[in-house]
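Going by our numbering, the residue at position 52 of the sequence shown is 64; the numbering climbs one at a time, nothing skipped. The C-beta atom is built at its ideal place from N, Cα and C for all residues, glycine as well.
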Amino acid sequence: MGPGSRRDTLDDNFGDHNWVKITKLARTFKEKAVDAVGARQEQVAAFLAFSRALPLEIVGRWTGAVQAWERDPCLDTSPFRQEGDGKTEAEIRRELAEEDRRLLEEEDGVALHNVSPSQLIGKAIEIEDQQ
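Written out as structure tokens, the structure is:
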């Protein structure tokens with residue numbers, strides 16, 4: 013097999029693969045659409061159940077915010093953006109260590125357990141990060 017026929021063979025194989033892929037696109041899209049309709053029904057049911065568990069005031073406020081944002085997505089008040097920066101892990105660890113120190117002072121410096129509450133929470137965070 014010379015270089016020209018090798019290229020022709022590869023071109024034929026790739027062309028066949030692309031042709032098969034194109035001819036199956038309609039069936040693939042149909043299957044994905046059917047799956048999406050079923051999944052949508054499950055998601056709507058879960059959403060309605062979740063919404064019924066919340067106070068009507070919160071649901072109304074959230075729905076209004078989402079609809080306003082959908083009318084104008086350029087608004088700075090996206091309901092999907094978290095407000096505030098929150099606390100860093102270092103700040104939380106510092107607060108927990110301060111609480112441990114205060115508890116030890118209240119209990120005359122005697123620890124009830126080998127692990128303090130802040131150490132337990134720290135280990136839990138480490139385990140969560142590993143999963």
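Check: Would a C-beta distance cut-off of 8 Å place S130 and L108 closer than the cut-off?; Outcome: yes
Check: For a minimum of 3 consecutive residues, which ranges assigned as the beta strand (DSSP E) are wholly contained in the stretch 44-104?; Outcome: none
Check: Can you grab the Cα-Cα spacing for the pair R113 / G96, in whole Å?; Outcome: 29 Å
Check: Distance check for R39 and V46, CA to CA, integer angstroms please.; Outcome: 11 Å
Check: Helix, strand or coil for N126? Go by DSSP, reduced to three states.; Outcome: coil
Check: Rounded to whole angstroms, what's the CA-CA distance from G76 to K99? Just pull it up for me.; Outcome: 28 Å
Check: Consult DSSP for G16 and reduce its assignment to one of helix, strand or coil.; Outcome: helix
Check: Quick check on K33: does DSSP put it in helix, strand or coil?; Outcome: helix
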